[in-house]
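Notes for the one structure printed next.
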Amino acid sequence: MVTILAIICFTLPILTFLVLLFAGHLIKRADNVATGLMFVNFLLALFIFIQTFGGQVFHTRFAWVNFGEKLLPLTIGIKIDFLSALLLVIVTFISSLVHLYSKSYMHSDKQYVRYFAYLNTFTASMIGILLGDNLFAMFVFWELVGLTSYLLIGFWYQKNSAVRASKKAFLLNRIGDLGFLVGIMTLWSQFGTLDLEALYIGMKNSEVVNGMWSVSYTVNGFTIIKSLDMMWLTIAGLGIFCGCIGKSAQFPLQIWLPDAMEGPTPVSALIHAATMVAAGVYLLARVFPLLDSFTLDFIAIIGCISAFMGAYAAVSQFDIKRILAFSTISQLGYMVMAMGVGAYQSSLFHLTTHAFFKAGLFLCVGAVIHALHHLQESLEKKHIHLDFDVQNVHLMGGLKKVLPFTYLAYFVTAWAAMGMPFSSGFLSKDAIVAATWGWAQVKASQGQVFFYVVPLVAFTTGFVTAFYMGRQLFVVFWGENRLQHIYSQAKDALKHIHEIDLKMKIPLVLLASLSFFFWFSFNPLSATDSWFYHQILAVKSVVPQHIPPLDLYAEATHHVHIYAIILSVFFAFAGFGAAYLRFGKQKTNTFTRTIPISSYGILQQLSTNNFFLDDLFKRLITKPGLRIALYISYFDKKVIDKTVDLMGVGTVLLAHITAGIDKYGIDGSVNATASLSRFIGRKTSHIQNGKIQSYLTLAILGVVVMGVILFLVG
2 MVTILAIICF TLPILTFLVL LFAGHLIKRA DNVATGLMFV NFLLALFIFI QTFGGQVFHT
62 RFAWVNFGEK LLPLTIGIKI DFLSALLLVI VTFISSLVHL YSKSYMHSDK QYVRYFAYLN
122 TFTASMIGIL LGDNLFAMFV FWELVGLTSY LLIGFWYQKN SAVRASKKAF LLNRIGDLGF
182 LVGIMTLWSQ FGTLDLEALY IGMKNSEVVN GMWSVSYTVN GFTIIKSLDM MWLTIAGLGI
242 FCGCIGKSAQ FPLQIWLPDA MEGPTPVSAL IHAATMVAAG VYLLARVFPL LDSFTLDFIA
302 IIGCISAFMG AYAAVSQFDI KRILAFSTIS QLGYMVMAMG VGAYQSSLFH LTTHAFFKAG
362 LFLCVGAVIH ALHHLQESLE KKHIHLDFDV QNVHLMGGLK KVLPFTYLAY FVTAWAAMGM
422 PFSSGFLSKD AIVAATWGWA QVKASQGQVF FYVVPLVAFT TGFVTAFYMG RQLFVVFWGE
482 NRLQHIYSQA KDALKHIHEI DLKMKIPLVL LASLSFFFWF SFNPLSATDS WFYHQILAVK
542 SVVPQHIPPL DLYAEATHHV HIYAIILSVF FAFAGFGAAY LRFGKQKTNT FTRTIPISSY
602 GILQQLSTNN FFLDDLFKRL ITKPGLRIAL YISYFDKKVI DKTVDLMGVG TVLLAHITAG
662 IDKYGIDGSV NATASLSRFI GRKTSHIQNG KIQSYLTLAI LGVVVMGVIL FLVG
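Have a look at this one:
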């Protein structure tokens with residue numbers, strides 16, 4: 002029953018996509034059909050989620066491809082446990098709200114039906130990742146998510162920036178996916194299967210002997226023994242993590258995510274909150290038992306770097322959506338960091354809370370952009386052509402007066418993003434920073450004091466997060482409207498800005514309410530006392546050597562938890578207070594459009610330019626790649642093409658010579674023989690005249706001639 006419902010959950014968005022794509026223009030209210038079916042999907046997901054409480058697992062699989070007697074078959078199936086059901090609820094819930102929100106936000110778009118079709122196929126691809134019980138199925142849908150995100154990011158393909166952003170996202174994700182494929186093939190070559198449960202069992206039964214990673218299993222009575230160098234265990238884990246680096250926009254492949262803001266804002270909410278970027282963390286959760294200690298340490302460091310870089314880059318951005326994009330990179334860094342330090346439950350807890358408050362933030366930002374677009378349209382009706390960037394926070398300010406509902410929703414979701422007390426973000430984020438502290442203590446006891454940098458960066462990132470979220474709150478909603486000061490034509494602009502309609506308000510109400518603590522815990526100050534936290538069952542490593550001491554990490558975390566809470570709250574309030582002193586107390590901020598980025602100090606330039614990672618990629622990858630392409634093109638034109646051309650000329654010349662020999666040699670000799678025969682025939686034909694006297698005369702003449710010859714010879 003549950004498995005059938007899960008299949009329906011997967012197929013409904015696909016059917017909706019096909020109907021909208023091929024017959025959407027025939028349906029009067031295609032948006033209502035798509036939104037209604039997505040809400041049905043959410044209800045099905047909610048029912049499935051309830052069935053998994055108490056650790057219930059529903060698993061169905063079958064052999065898909067048989068490779069022979071000595072090889073395990075390639076299986077494929079559906080596995081539904083608490084984790085997959087939880088993500089299924091999150092994905093369908095956020096997607097439903099985005100559908101509802103988009104009915105107003107995208108109403109005037111010419112490609113309205115195509116937009117909803119893409120949303121459904123994107124959701125279906127993500128559901129496929131969640132339901133797959135093996136790495137092969139996950140990889141197939143992983144690639145489909147990449148394809149559909151390419152379509153959504155480049156939805157407004159008339160804009161060159163959108164086309165470039167979609168290609169950038171697609172290509173950078175393929176880099177990460179190449180590593181993912183290497184990890185998958187390593188596990189396949191060792192265990193002969195990609196079924197996750199079989200991999201757990203095979204890994205648990207494997208062993209390391211003299212530096213060789215060995216495993217044996219039986220197939221149809223045949224015993225198969227495989228051995229690889231121990232380094233391949235690490236390579237498998239790091240390869241799969243590369244897939245996470247690409248999808249979840251971690252260092253150094255995070256540069257695609259800010260550019261992905263070129264897509265419609267509801268798409269940004271869907272990508273950043275619950276689907277594409279969350280897929281990387283979900284993948285780590287699935288393979289967590291297969292990761293060795295070195296791989297987990299590497300994951301923790303990458304997550305730590307990404308969390309800080311994302312937060313720091315958000316500080317100086319002026320595009321309201323890019324600020325949230327860098328925030329997503331930072332928050333995903335927290336989740337990845339948590340996986341690396343063994344805080345499996347805390348990572349998934351933060352994945353859940355982040356889905357709600359980040360979706361709420363993006364939809365609030367969408368409401369602001371929608372209102373400013375409406376302002377432009379209102380001014381156009383008065384024949385005032387004011388072409389300004391509706392996403393530039395420097396042109397905003399004072400919007401809480403005209404958008405009070407949006408401001409309240411934004412404040413609540415931003416409060417959660419900052420990890421402030423009584424918010425859901427506080428519970429999940431503080432569980433992570435406490436885990437990093439406990440993990441570092443265990444590492445330090447083993448002589449690895451360097452790892453204390455991870456909790457230090459985690460706390461510092463909390464300060465920076467509160468600062469940039471406070472900055473955005475104050476700059477956008479507080480003070481006076483700066484658009485009126487910069488453009489004289491925009492005088493009394495606030496009179497033309499109106500609050501959003503009910504279709505856009507409902508998602509904001511639901512997401513803002515889910516940003517409070519009481520949905521997840523009765524104790525507002527401790528994640529470990531949360532009923533939701535304990536529903537996420539902890540998992541253990543099954544690697545044969547260098548098993549991470551997860552129990553030691555958990556025990557050390559328990560001892561430092563209260564101190565971590567105090568420090569985290571202190572840093573969060575300090576960051577928010579610093580933002581208030583810098584931006585909140587000024588009635589009219591002095592931002593203008595004329596300050597060139599080149600005049601910024603080096604620290605601000607690092608923030609504004611995202612540590613110059615785009616320039617680094619251009620210098621290390623793009624430009625060398627173009628040079629190589631130019632050299633290959635030159636070699637192709639000047640060497641290969643010339644060689645082919647010369648061979649063509651030589652072939653034509655040889656053909657002419659051969660044709661001449663054939664025509665004048667072979668055909669000529671045959672024709673000459675025929676002509677000679679014809680000539681002789683003609684000259685001798687009169688001898689055969691039928692007169693006996695002629696024949697006798699010739700015979701006598703012949704005898705005489707022969708006699709003369711014999712006489713002469715004799």
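Using the numbering used here, the first residue of the sequence shown is number 2, and each one after it goes up by one.
The C-beta atom is built at its ideal place from N, Cα and C for all residues, glycine as well.
Predicted, not measured: the structure shown is a model, and the values here were computed from it.
- Counted as a single uninterrupted DSSP element, the alpha helix (DSSP H) harbouring Gly661 occupies residues 642-661.
- Scanning the region 428-463 from its first residue to its last, no whole alpha helix (DSSP H) run of 4-plus residues comes out.
- In this structure, Ile537 lies near Gln346, with their beta-carbon atoms less than 7 Å apart.
- In the DSSP assignment, the residues bridged to Glu208 are Ser215.
- As DSSP reads the structure, Asp230 sits in a beta bridge with Met213.
- Per DSSP, the beta bridge partners of Asp320 are Asn393.
- Listed in chain order, the beta strand (DSSP E) elements of length 3 or more contained wholly in the region 340-388 amount to none.
- Inclusion of Val288 and Ile241 in the CB contact set at 7 Å is warranted, their separation being smaller than that value.
- Non-local beta-carbon contacts of Leu285 in its own chain, meaning distances under 6 Å to residues more than five positions away in sequence, involve Cys245, Met340 in chain order.
- Phe59 is bridged by DSSP to Ile81.
- A direct Cα-to-Cα measurement between Ala326 and Gly311 gives close to 8 Å.
- Within a 10 Å sphere around the beta-carbon of Met277 sit 16 or more other beta-carbons, which makes this residue buried.
- Residue state for Asp196 is assigned as strand, using DSSP reduced to three classes.
- In the DSSP assignment, Thr558 falls within the alpha helix (DSSP H) that extends over 551-580.
- Contact holds between the region 368-388 and the region 479-496, because three or more Cβ pairs, one in each stretch, are under 8 Å apart.
- Take Ser516, set aside five residues on each side of it, and the residues of its chain with a beta-carbon closer than 8 Å to its own are Thr354, Phe357, Phe358, Gly361, Val413, Thr414, Trp416, Ala417, Ser424, Ser425, Gly426, in chain order.
- Going by DSSP, Asp668 is part of the alpha helix (DSSP H) stretching over 668-685.
- The closest CA to that of Ser103, considering only Ala372, Leu271, Pro267, Phe584, is found on Pro267.
- A distance below 7 Å separates the beta carbons of Lys71 and Phe223.
- Non-local C-beta neighbours of Leu152 in its own chain, meaning closer than 7 Å and more than five positions away in sequence, comprise Tyr119, ordered along the chain.
- The C-alpha of His100 lies about 5 Å from the C-alpha of Thr36.
- The criterion of a C-beta distance shorter than 7 Å is satisfied by Leu195 and Phe137.
- Nearest in C-alpha terms to Thr462, of all of Lys430, Ala441, Gly448, Val477, is Lys430.
- The residue from Leu400, Phe350, Val650 with its alpha-carbon nearest to that of Val366 is Leu400.
- Inter-segment contact for the region 81-100 and the region 47-58 is present: three or more beta-carbon pairs are separated by less than 8 Å.
- In terms of Cα proximity to Phe43, the closest of Phe140, Ser126, Leu13, Val458 is Leu13.
- Residue environment for Glu556: exposed (fewer than 16 other C-beta atoms within 10 angstroms of its C-beta).
- Burial state of Val58 is exposed, judged by a 10 Å Cβ sphere holding fewer than 16 other Cβ atoms.
- Beta-bridge pairing by DSSP links Thr76 to Ala64.
- Around the C-beta of Ala459, 16 or more other C-beta atoms lie within 10 Å, and the residue is accordingly described as buried.
- Ala261: not part of any alpha helix (DSSP H); DSSP gives it neither H nor E.
- For Trp416, the enclosing alpha helix (DSSP H) covers residues 405-418.
- The Cβ atoms of Tyr534 and Phe350 lie closer than 7 Å to each other.
- By the Cβ criterion, the region 253-267 is in contact with the region 317-337, since at least three pairs of Cβ atoms, one from each stretch, lie closer than 8 Å.
- Asn135 carries a strand assignment under DSSP once its states are collapsed to helix, strand and coil.
- In this chain, the alpha helix (DSSP H) harbouring Gln606 covers 603-609.
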